[in-house]
Amino acid sequence: MVRHIPFALSEDECTVKAVLSRGPGGQHVNKSSTAVQLFFNVLESSLPEELKARVLARYERRLSADGCLVLKAHGERSRELNRRAAFLRLQTLIEKAAEVPDARKPTRPTRPSRERRLRQKSARAAVKKLRSAIIRDAE
Numbered sequence: 051m052v053r054h055i056p057f058a059l060s061e062d063e064c065t066v067k068a069v070l071s072r073g074p075g076g077q078h079v080n081k082s083s084t085a086v087q088l089f090f091n092v093l094e095s096s097l098p099e100e101l102k103a104r105v106l107a108r109y110e111r112r113l114s115a116d117g118c119l120v121l122k123a124h125g126e127r128s129r130e131l132n133r134r135a136a137f138l139r140l141q142t143l144i145e146k147a148a149e150v151p152d153a154r155k156p157t158r159p160t161r162p163s164r165e166r167r168l169r170q171k172s173a174r175a176a177v178k179k180l181r182s183a184i185i186r187d188a189e
């Protein structure tokens, strides 16, 4: 079972910057800023403190020096579509961080599985023993 930390995310908490896209496209891609960089300041956001800590720990490689989560979207030709795609990806990342798995209850191996393991272990040992060199008594 998985517990979810409830949160609400607003686009007002994000800063969007239009940048030049990359890849093929000739003149269009070289002169139009359709790619989008989305900055989300985790520390100053309205997320619950527990979720902030989980996001910071889980996505520390995506964080900038000032604690902003940085996402780039450049798959669409439109700046608006790229902005939406980046925001959806941000929501997905935070939803994944909001999933708190239940603690695993420790279990012990069953008696039949322990017996099966020991039988296999002794059979394997017997095979290995047959491979050893035969030592003959010097009489």
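In the numbering used here, each residue carries its 1-based index in the sequence shown increased by 50. All C-beta atoms in this analysis are idealised placements derived from N, C-alpha and C, irrespective of residue type, glycine included. The model shown is predicted, which means the values in this text are computed figures rather than measured ones.
Beta-carbon contacts of residue i that lie in its chain and below 7 angstroms, excluding the five residues immediately before and after
i           : result
residue 59  : 141 and 144
residue 117 : 91, 92 and 93
residue 151 : 52
Candidates the options, of which the one nearest residue i by Cα
i          : options            : result
residue 93 : 86, 83, 87 and 106 : 106
residue 52 : 161, 85 and 147    : 147
residue 75 : 159, 127 and 99    : 127
residue 69 : 185, 77, 83 and 79 : 83
Residue i - containing alpha helix (DSSP H), residue span
i          : result
residue 53 : Taken as a continuous stretch (DSSP letters only), residue 53 belongs to no alpha helix (DSSP H), being part of the beta strand (DSSP E) at 52-54.
Residue range of the unbroken beta strand (DSSP E) whose run includes residue i
i           : result
residue 88  : 85-91
residue 149 : 149-151
Beta-carbon proximity of residue i to residue j, cut-off 8 angstroms
i           : j           : result
residue 95  : residue 61  : no
residue 108 : residue 119 : no
residue 101 : residue 57  : yes
residue 97  : residue 66  : no
Proximity test, residue i beta-carbon vs the ligand ADP heavy atom, cut-off 7 angstroms
i          : result
residue 59 : Inclusion of the ligand ADP in the displayed structure is not the case, the ligand content being empty and no account of it being possible.
Enumerate, from N- to C-terminal direction, the unbroken alpha helix (DSSP H) stretches of 4 or more residues contained entirely within the stretch 95-129.
-> 99-108
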